[in-house]
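**Q**
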Amino acid sequence: MNYKLIFSISFSLMKARWRQTLVAAVGVTFSITMFIALLSFMTGLNGLLDGLILNRTPHVRIYNDIKPSKYQPVNLSGEYKQSHNFIKSVKSASGRQEIYNSAAILDMLKKDNRVTGVAPKIIAPVFFNAGTIDITGVINGIDVQSESTLFHFNDYIITGKPIDLKNVPNSIILGKGVAEKLLADPGDVVQVTTSQGDIMPLKVVGYFQSGLQDFDKVQCYTSINTAQKLLGKPNNYLTDIQVKLTDLNMAPAVAKEYGALFQADTEDIQTANSQFETGSFIRTLISYSVGITLLIVAGFGIYNILNMMIYEKMDAIAIMKATGFCGSDVNRIFIVIALSIGLFGGVAGLFLGFGVSVIIDQIPFRTAALPTITTFPVNYNPAYYFIGAIFSLVTTYFAGYFPARKASKVDPVVIIRGK
Numbered sequence: 097m098n099y100k101l102i103f104s105i106s107f108s109l110m111k112a113r114w115r116q117t118l119v120a121a122v123g124v125t126f127s128i129t130m131f132i133a134l135l136s137f138m139t140g141l142n143g144l145l146d147g148l149i150l151n152r153t154p155h156v157r158i159y160n161d162i163k164p165s166k167y168q169p170v171n172l173s174g175e176y177k178q179s180h181n182f183i184k185s186v187k188s189a190s191g192r193q194e195i196y197n198s199a200a201i202l203d204m205l206k207k208d209n210r211v212t213g214v215a216p217k218i219i220a221p222v223f224f225n226a227g228t229i230d231i232t233g234v235i236n237g238i239d240v241q242s243e244s245t246l247f248h249f250n251d252y253i254i255t256g257k258p259i260d261l262k263n264v265p266n267s268i269i270l271g272k273g274v275a276e277k278l279l280a281d282p283g284d285v286v287q288v289t290t291s292q293g294d295i296m297p298l299k300v301v302g303y304f305q306s307g308l309q310d311f312d313k314v315q316c317y318t319s320i321n322t323a324q325k326l327l328g329k330p331n332n333y334l335t336d337i338q339v340k341l342t343d344l345n346m347a348p349a350v351a352k353e354y355g356a357l358f359q360a361d362t363e364d365i366q367t368a369n370s371q372f373e374t375g376s377f378i379r380t381l382i383s384y385s386v387g388i389t390l391l392i393v394a395g396f397g398i399y400n401i402l403n404m405m406i407y408e409k410m411d412a413i414a415i416m417k418a419t420g421f422c423g424s425d426v427n428r429i430f431i432v433i434a435l436s437i438g439l440f441g442g443v444a445g446l447f448l449g450f451g452v453s454v455i456i457d458q459i460p461f462r463t464a465a466l467p468t469i470t471t472f473p474v475n476y477n478p479a480y481y482f483i484g485a486i487f488s489l490v491t492t493y494f495a496g497y498f499p500a501r502k503a504s505k506v507d508p509v510v511i512i513r514g515k
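First residue of the sequence shown? That's 97 in this note's numbering, and the numbers climb one at a time after it.
(1) With distances taken from CA atoms, which of G213, D361 and Q292 is nearest L327?
(2) Can you tell me the Cα-Cα spacing of V214 and K206, whole angstroms?
(3) Suppose the cutoff is 8 Å on Cβ atoms and the five residues either side in sequence are ignored; what does the same chain contact list for F396 look like?
(4) Determine the direct distance from the alpha carbon of S436 to that of F482, and round the result to whole angstroms.
(5) How is the alpha helix (DSSP H) around D425 delimited, first residue to last?
(6) From the DSSP output, in three-state form, read off P499 for me.
(7) Relative to the C-alpha of S306, which residue among G442, V274, S108 and I295 is closest?
(8) Per the contact definition of three or more C-beta pairs closer than 8 Å, is the region 105-125 in contact with the region 424-444?
(9) Just to confirm the assignment: which complete beta strand (DSSP E) runs, minimum length 3, are found wholly within the region 261-308?
(10) Is it a yes or a no for the region 152-163 touching the region 357-366, going by three-plus beta-carbon pairs under 8 Å?
(11) For a quick check, are the C-beta atoms of I102 and D425 less than 8 Å apart?
(12) Just list the residues that DSSP pairs T258 with in beta bridges.
(13) Helix, strand or coil: how does DSSP classify S383 here?
(14) Between R157 and Q366, which are expected to be in contact by the criterion C-beta below 8 Å, what is the C-beta distance as a whole number of angstroms?
(15) Please return the same chain residues whose Cβ sits closer than 6 Å to the Cβ of M296, not counting the five positions on each side in sequence.
(16) Using a Cβ-Cβ cutoff of less than 7 Å, which residues in the same chain neighbour N403 once the five nearest sequence positions on both sides are dropped?
(17) If I413 and A503 are in contact, beta carbons under 8 Å, what's the gap, nearest whole angstrom?
(18) Is the Cβ-Cβ distance between Y399 and G438 less than 8 Å?
(19) A347 to L246, Cα distance in whole Å?
(20) Hey, could you find the ends of the beta strand (DSSP E) F224 is sitting in?
(21) Note the first and the last residue of the continuous alpha helix (DSSP H) segment covering D203.
(22) Quick one: what does DSSP say G328 is sitting in, helix, strand or coil?
(23) Find the nearest neighbour of V452 within the set T125, N266 and H180, judged by alpha-carbon distance.
(24) Alpha carbon to alpha carbon, what distance is there between Y196 and S179?
(25) Looking at T318: is its Cβ nearer than 8 Å to the Cβ of K217?
(26) Kindly list the residues whose CB is nearer than 7 Å to the CB of A485, restricted to its own chain and excluding five residues on each side of it in sequence; keep chain order.
(27) Out of K329, D281 and A280, point me to the one whose CA is closest to D294's CA.
(28) Quick one: is V286 buried, meaning 16 or more other Cβ sit within 10 Å of its Cβ, or exposed?
(29) Helix, strand or coil: which one does DSSP assign to S244?
(30) Could you check the C-alpha separation between G527 and K100 for me, to the nearest Å?
(31) Following the continuous alpha helix (DSSP H) through G355, name the residue where it begins and the one where it ends.
(32) Could you tell me which residues DSSP pairs with Q315 in its beta bridges?
(33) Is it true that the CB of F304 sits closer than 8 Å to the CB of D310?
(34) What did DSSP end up calling D310 once you bin it into helix, strand or coil?
(35) In its own chain, which residues sit with a C-beta less than 6 Å from the C-beta of I456, not counting the 5 before and 5 after it?
(36) Which residues share a DSSP beta bridge with L341?
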């Protein structure tokens with residue numbers, strides 16, 4: 097088997113039909129380019145959304161939820177123990193939203209090797225007094241250092257500094273939407289009314305903007321001490337404990353374990369963001385589907401071009417077989433043509449895909465919801481380039497395989513007689 101001769105004949109056939117060969121290569125190039133650019137942009141966009149939501153969400157949340165009473169008093173009465181109770185007005189159980197033994201729980205969590213960090217929190221519904229109008233809001237009492245380390249709190253402060261919550265007594269960072277409703281500037285004092293009717297003035301030290309407008313219209317932040325003072329609670333009062341784990345995938349099992357251990361309600365990040373994760377998966381799946389479809393379409397183009405080449409070169413194929421070329425040699429000639437087109441088009445597509453991704457990465461992108469983002473997000477994951485290269489070769493191989501089989505079965509006697 098003379099590989100040098102096979103390659104020489106393959107390139108001669110490609111040169112004889114260089115226009116069609118170039119069109120096929122351009123088709124592969126375009127497909128790979130769009131595959132790389134589309135996948136890089138969509139996964140980059142998913143990463144941006146992950147940063148807005150998942151990075152702001154604890155892997156495990158420990159809290160006390162308000163639940164309906166499991167039994168009515170009549171169920172507990174021995175007199176009616178054998179009777180059927182049809183009372184439907186089940187009321188919420190008497191209880192507290194406070195986490196019991198919060199200090200002991202925090203200490204235990206910090207010693208757990210699976211935990212990378214813990215952030216205590218107080219969530220309290222309040223009213224902001226704007227003249228005669230009360231604006232509904234939620235105050236989050238946080239440990240500023242833990243919140244910044246675990247949940248990138250610093251990244252969402254557009255005015256002021258997070259540490260001011262700790263350094264300035266009775267201070268608050270308003271959500272951008274709340275600040276716009278109250279016409280409150282840094283340095284102003286806002287009146288806050290709790291659900292118990294207590295009123296407390298808080299000094300505005302900054303604005304917070306998460307990129308989620310509905311969130312920014314109600315959420316505000318104070319230090320834990322200020323929140324405890326606002327609610328008239330002792331310094332061990334907490335309503336939430338937020339946990340970050342070393343492995344995100346452990347969250348469902350760890351949440352169940354903590355719920356049983358601490359006799360509290362728990363929620364894992366997968367449950368809290370199930371719809372969001374489904375959306376991210378679907379967007380990535382669509383990107384892969386579109387890219388692979390483009391490659392398959394390019395493969396059909398190569399298939400048609402090779403079919404036409406075989407039809408036009410029947411006499412040349414017959415002469416080759418008559419002079420000693422076997423069917424497998426003819427098969428290899430057309431496989432080499434297909435793979436050459438795939439290799440050239442794939443390499444060009446990888447470089448162009450990277451170039452298009454760089455261009456997208458430089459396009460200015462600024463919205464009112466995301467003031468810190470300056471360009472479109474792009475993910476330069478090498479895996480996408482590897483997948484694109486492999487798939488371009490696989491697609492072009494099969495696009496050439498079937499015409500090559502047809503060429504290898506040509507009977508030179510029939511062709512020469514027919515001619």
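Positions of the beta carbon are idealized from the N, C-alpha and C atoms, including for glycine.
**A** Straight from the coordinates:
(1) Q292
(2) 7 Å
(3) A495
(4) 18 Å
(5) G423 to Q458
(6) helix
(7) V274
(8) yes
(9) 267-271, 285-290 and 295-304
(10) yes
(11) yes
(12) Per the sequence presented here, residue 258 reads as Pro, with Thr not at that position. For P258, which the question treats as bridged, DSSP gives no partner whatsoever.
(13) helix
(14) Contact flag wrong, Cβ pair sits at about 12 Å.
(15) V288 and L326
(16) P499
(17) 6 Å
(18) no
(19) 16 Å
(20) V211 to A226
(21) S198 to K206
(22) coil
(23) T125
(24) 36 Å
(25) no
(26) G442 and L446
(27) K329
(28) buried
(29) helix
(30) What is shown of the chain runs 97 to 515, which leaves residue 527 out entirely.
(31) A347 to F358
(32) V234
(33) no
(34) helix
(35) F137, F472 and V474
(36) V211
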